[in-house]
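To start, the structure under review is shown below, and the notes come after it.
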Amino acid sequence: MAAVQSTTTTAPQRILMGPGPSDVDSRVLAALSAPIVGHLDPYFLRVMDEMQSMLREVFRTKNELTLAVSGTGSAGMETCVVNLIEPGDRMVVGVNGVFGTRMADVATRAGAEVTTIERPFGEVFNADEIAEVVARVKPKVVGLIHAETSTGALQPIEEISRVVHDAGALLLIDTVTSLGGVPVEIDAWNVDAVYSGTQKCLSCPPGLAPVSFSAAALEVMDARKTKVASWYLDMSMVRNYWGGKRAYHHTAPINMNYALHEALRLVLEEGLENRFDRHRQNHLALCAGLEALGIQYAVPADHRLPQLNAVVIPAGVEDAAVRKQLLSEFGIEIGGGLGPMAGKTWRIGLMGAASSNRNVLLLLAALERCLTDQGISVTPGAGVAAANGVYGAA
Ligand SMILES: *Cc1c(COP(=O)(O)O)cnc(C)c1O
1 MAAVQSTTTT
11 APQRILMGPG
21 PSDVDSRVLA
31 ALSAPIVGHL
41 DPYFLRVMDE
51 MQSMLREVFR
61 TKNELTLAVS
71 GTGSAGMETC
81 VVNLIEPGDR
91 MVVGVNGVFG
101 TRMADVATRA
111 GAEVTTIERP
121 FGEVFNADEI
131 AEVVARVKPK
141 VVGLIHAETS
151 TGALQPIEEI
161 SRVVHDAGAL
171 LLIDTVTSLG
181 GVPVEIDAWN
191 VDAVYSGTQK
201 CLSCPPGLAP
211 VSFSAAALEV
221 MDARKTKVAS
231 WYLDMSMVRN
241 YWGGKRAYHH
251 TAPINMNYAL
261 HEALRLVLEE
271 GLENRFDRHR
281 QNHLALCAGL
291 EALGIQYAVP
301 ADHRLPQLNA
311 VVIPAGVEDA
321 AVRKQLLSEF
331 GIEIGGGLGP
341 MAGKTWRIGL
351 MGAASSNRNV
361 LLLLAALERC
371 LTDQGISVTP
381 GAGVAAANGV
391 YGAA
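This is how it looks when you write it as structure tokens:
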């Protein structure tokens, strides 16, 4: 048999302005290459303890059971669902995008009797419609996507949390794209279970899923009659490694944890409020620039995500050609549409380290070139000028 001829060498340097992964700070990449230690090494146990404290700060919670699950954001989703749900339990899932659809699928596989409540992609749910469905279904758990990355919509949580708890249910939310980009208030909003991912606004490579569970969720988990359907994601065992007994469960991905530890340090050094302001400011500048290029948002202004800008591809413009040109000529990655939005929208991420005035101005200049090559007439420099107008006024 002939030897394999590997032709891939060094990975290209991209500017990651899609729906994730996002750009990663060099300090985080350096942490990944630090010496590996054993999963019970005293150094690593300190790293884990600090990560738990930092995750509590970032989630704004005092929840004891707060840790990073080994696996990407979807593993976080699965962890929350399988630990709360026993076969036959009723769960309501809000479906207004691809990730709500995924949560309903995960819950069904976990044996839940799932009732979906649906909204067209790009819209969000209000408390009245959730109140109506929880009164009718009487679920154990209600699951919602806080930041729907497939549509660019931000779901308000606080009022819905009240109606969910009034009905005696637990609230589970997906903050994969929101954490570190917009306010996430786990205690103030009274959220019972939450998961996130590392590669969106936390700006860390994909591979871990921060999760947190409230005291009420813990009670439900401790009172289970059946074993958690997933051995790997069973919190009753995983928590004994992150907590008191330090009992081996599975080998922690040591260096991924170093990376998240460093990424969390960066988040807290900047400060959450400063970070939210930065995301907001760059979003407003991008928005002004895109509008000056004749590009409209797919989501109404009052519930747009600053870190995920879903915009309508102008008529006559070829979706794939523009994304290919951005990547090959400028090294910029943006995302295409998902599900029913495929071919109709672009998803421009300004997540974590990628949310910068450099990236906003660069993308607007590059996009002007691509649109011009597509035969669209734009006023030269209009996008960059409009964005600079926003930065200048700040
Ligand atoms: C990216 C994403 C996920 C899935 O995370 P993976 O890291 O791809 O497994 C789940 N929910 C939302 C809202 C996301 O944006």
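Using UniProt numbering, you'd call the opening residue of the sequence shown number 1 and step up by one each time. Cβ coordinates follow ideal geometry from the N, Cα and C atoms, glycine included.
- Rounded to whole angstroms, the Cβ separation of L268 and R27 is 13 angstroms, and the two are not in contact under 8 angstroms.
- Bridge pairing for T345: V312 [DSSP].
- Residue range 382–393 is occupied by the alpha helix (DSSP H) that includes G383.
- With contacts defined as CB atoms closer than 9 angstroms, N357 and F44 fail to qualify as a contacting pair.
- Positions of the beta strand (DSSP E) runs, each at least 3 residues long and wholly inside the segment 84–141, are given as 90–95, 113–118 in order along the chain.
- Per DSSP, V4 is not a residue of any beta strand (DSSP E), being assigned neither H nor E.
- Inclusion of G392 and L290 in the CB contact set at 9 angstroms is not warranted, their separation being larger than that value.
- Ranking A315, G73, G336 by CA distance to the CA of K324 puts G336 first.
- Nearest neighbour of M235 by Cα position, chosen from A11, F59, V82, turns out to be V82.
- Separation of the CB atoms of A292 and A386 is rounded to 4 angstroms, and the pair is thereby assigned contact status at 8 angstroms.
- By the Cβ test, the segment 339–349 is not in contact with the segment 239–256, since fewer than three Cβ pairs between them sit closer than 8 angstroms.
- A Cβ-Cβ separation of about 19 angstroms leaves A68 out of contact with L84 under the 8 angstroms criterion.
- The beta carbon of P206 sits closer than 8 angstroms to at least one heavy atom of ligand 1.
- Judged by DSSP in its simplified three-state form, I332 adopts strand.
- Here the alpha carbon of V47 sits roughly 7 angstroms from the alpha carbon of H261.
- For the pair L170 and S196, the CB atoms are not nearer than the 9 angstroms cut-off.
- The residue from V98, S230, E368, G343 with its alpha-carbon nearest to that of V312 is G343.
- Distance from I130 to V164 at the Cβ level is roughly 7 angstroms; contact confirmed, criterion being Cβ atoms closer than 8 angstroms.
- A distance criterion of 8 angstroms places the beta-carbon of E148 in contact range of ligand 1, judged by its closest non-hydrogen atom.
- Scanning its chain for C-beta atoms nearer than 7 angstroms, with the 5 sequence neighbours on each side dropped, one finds around G207 the residues T72, T198, P253, M256, in chain order.
- One alpha carbon belongs to A217, the other to A193, and they sit about 7 angstroms apart.
- G181 counts as buried, since no fewer than 16 other beta carbons sit within 10 angstroms of its beta carbon.
- Short note on F59: C-beta not closer than 8 angstroms to any heavy atom of ligand 1.
- In the displayed model, E148 falls within a strand according to three-state DSSP.
- For A365, the three-state secondary structure derived from DSSP is helix.
- Taken through DSSP and simplified to helix, strand or coil, S178 comes out as coil.
- Ligand 1 has a heavy atom closer than 8 angstroms to the beta-carbon of G20.
- Under the three-pair Cβ rule at 8 angstroms, the segment 139–157 counts as touching the segment 99–110.
- For the options P21, P120, D319, the alpha carbon positioned closest to that of L202 is the one of P21.
- Burial state of N359 is buried, judged by a 10 Å Cβ sphere holding 16 or more other Cβ atoms.
- For S33, the three-state secondary structure derived from DSSP is coil.
- Rounded to whole angstroms, N190 and I145 show a C-alpha spacing of 15 angstroms.
- According to the DSSP assignment, S70 belongs to the beta strand (DSSP E) that extends over 65–70.
- If you look at Y195, you'll find it in the beta strand (DSSP E) that goes 193–195.
- Residue pairing of Y297 in beta bridges, as defined by DSSP: V311.
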